[in-house]
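Q: With the working numbering, letter number 47 in the sequence shown gets 51, and the count goes up by one each step, no holes.
C-beta: ideal position from N, C-alpha, C; glycine also.
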Amino acid sequence: MNFKKWVGFYLESVIIVLLTFYIRSTAMNPIEYIVKQINGDYAVLVSAQGIENTVAMALLPPETDEGMRLLWQNFEYTIV
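Structure follows, in structure tokens:
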């Protein structure tokens with residue numbers, strides 16, 4: 005393997021590692037939602053950025069109702 009190919013391979017590996025750490029660090033941040041609508045077994049949650057997320061009611065606290073604020077952290081929802 006010549007030097008240019010080795011440098012290219014090395015830089016590509018470094019970029020992949022850095023992207024992996026970046027994705028992992030941003031993916032676990034807590035997210036606050038507002039319950040926009042409840043449709044049977046599912047609830048439509050809206051984040052502060054306006055992104056809608058449909059979630060099964062079984063994953064939410066039992067007392068969840070429309071208009072409530074929820075916090076998603078460590079793979080679970082809690083009422084704020």
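Just confirm the distance between the C-beta atoms of alanine 173 and leucine 22, as a whole number of angstroms; I'd bet it's less than 8 Å.
A: With the chain represented from 5 up to 84, any question about residue 173 goes unanswered, as that position is not in the structure.
Q: If you run the structure through DSSP and keep just helix, strand and coil, what is alanine 47?
A: In the sequence shown, counting from the first residue as 1, residue 47 sits at position 43. Strand at alanine 47.
Q: Quick one: using the 10 Å Cβ neighbour count with 16 as the cut-off for buried, is tryptophan 76 buried or exposed?
A: For this step, residue 76 is matched to residue 72 along the sequence shown. Of the residues assessed, tryptophan 76 falls on the buried side of the cut-off, its CB having 16 or more other CB atoms within 10 angstroms.
Q: Identify whether leucine 63 lies in helix, strand or coil by the three-state DSSP scheme.
A: Walking along the sequence shown from the start, residue 63 turns up at place 59. DSSP places leucine 63 in helix when its eight states are reduced to three.
Q: Can you name, in chain order, every residue of its own chain whose Cβ lies under 7 Å from the Cβ of isoleucine 35, other than the five neighbours on each side?
A: Indexing the sequence shown from 1 puts residue 35 at position 31. Cβ neighbours of isoleucine 35 beyond the five flanking positions: Ser51 and Trp76.
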